[in-house]
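In our numbering, the protein residues as written are 263 to 437. Virtual Cβ for every residue (Gly too), placed ideally from N, Cα, C. Notes for the one structure printed next.
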């Protein structure tokens with residue numbers, strides 16, 4: 263299997279044909295590019311290459327979560343709203359996850375109960391930040407990295423990127 267590097271073709275994975283003359287080359291495509299299969303030939307058969315096919319690498323799920331959250335920037339806060347034109351905090355997180363194929367319950371406390379808890383030191387972009395006041399969740403947001411979250415904060419505001427404003431939170435992961 264070869265990838266077009268822009269200055270030529272580069273072998274990425276190789277294998278041999280089986281006794282039936284077939285080969286299977288499973289591969290995770292980590293880079294969008296033009297790809298092709300090449301058979302080098304043998305003493306009886308001439309070598310050949312397949313037509314090139316452009317393959318787009320799939321973006322990691324947690325990055326897609328952050329991307330979808332950021333696309334909601336500027337949408338107004340409305341209590342009880344779950345998109346696509348307005349959101350409350352848990353409506354935003356539910357909507358964002360739904361767009362990448364993950365189902366979450368509607369309320370922030372139900373969302374925290376439904377996801378895997380992650381130590382704060384291991385949080386990654388795309389995780390959920392659950393703000394609490396001694397155990398009860400009062401707000402949820404999507405962690406964007408670098409101490410920031412995508413949040414639907416309160417009435418009169420819009421979905422925005424904000425710094426984590428409180429040390430009382432837990433981290434959850436749905437992806």
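Provide the residue(s) that pair with residue i in DSSP beta bridges, ordered along the chain.
| i | result |
| --- | --- |
| residue 264 | 273 and 298 |
| residue 412 | 404 and 423 |
| residue 338 | 420 |
| residue 390 | 404 and 434 |
| residue 311 | 300 |
Would you kindly report the start and end of the unbroken alpha helix (DSSP H) that includes residue i?
| i | result |
| --- | --- |
| residue 354 | 351–361 |
| residue 327 | 323–332 |
| residue 371 | 370–376 |
Here's a check: name, in chain order, each residue in its chain whose Cβ is nearer than 6 Å to the Cβ of residue i, leaving out the five neighbours to either side.
| i | result |
| --- | --- |
| residue 340 | 348 |
| residue 330 | 358 and 361 |
| residue 300 | 264 and 311 |
| residue 382 | 433 |
| residue 314 | 296 and 298 |
| residue 274 | 263 and 265 |
| residue 278 | none |
| residue 407 | 387 |
Where do the N-terminal and C-terminal ends of the beta strand (DSSP E) with residue i fall, by residue?
| i | result |
| --- | --- |
| residue 282 | Taken as a continuous stretch (DSSP letters only), residue 282 belongs to no beta strand (DSSP E), as it is neither H nor E. |
| residue 306 | Taken as a continuous stretch (DSSP letters only), residue 306 belongs to no beta strand (DSSP E), as it is neither H nor E. |
Can you find the residues in the same chain that come closer than 8 Å, C-beta to C-beta, to residue i, ignoring five residues on each side of it along the sequence?
| i | result |
| --- | --- |
| residue 416 | 339 |
| residue 325 | 387 and 388 |
| residue 320 | 291 |
| residue 294 | 316, 317, 318 and 319 |
| residue 368 | 344, 352, 353 and 356 |
For residue i, which residues of its own chain have a beta-carbon under 7 Å away from its beta-carbon, when the five flanking residues on both sides are left out?
| i | result |
| --- | --- |
| residue 425 | 409 and 410 |
Requested in this report: Inspect the CB distances between the stretch 389–404 and the stretch 300–313 and report whether three or more fall short of 8 Å.
Outcome: no
Report task. Count the C-beta pairs between the stretch 332–339 and the stretch 415–425 that are closer than 8 Å, then say yes if the count reaches three, no if not. Result -> yes
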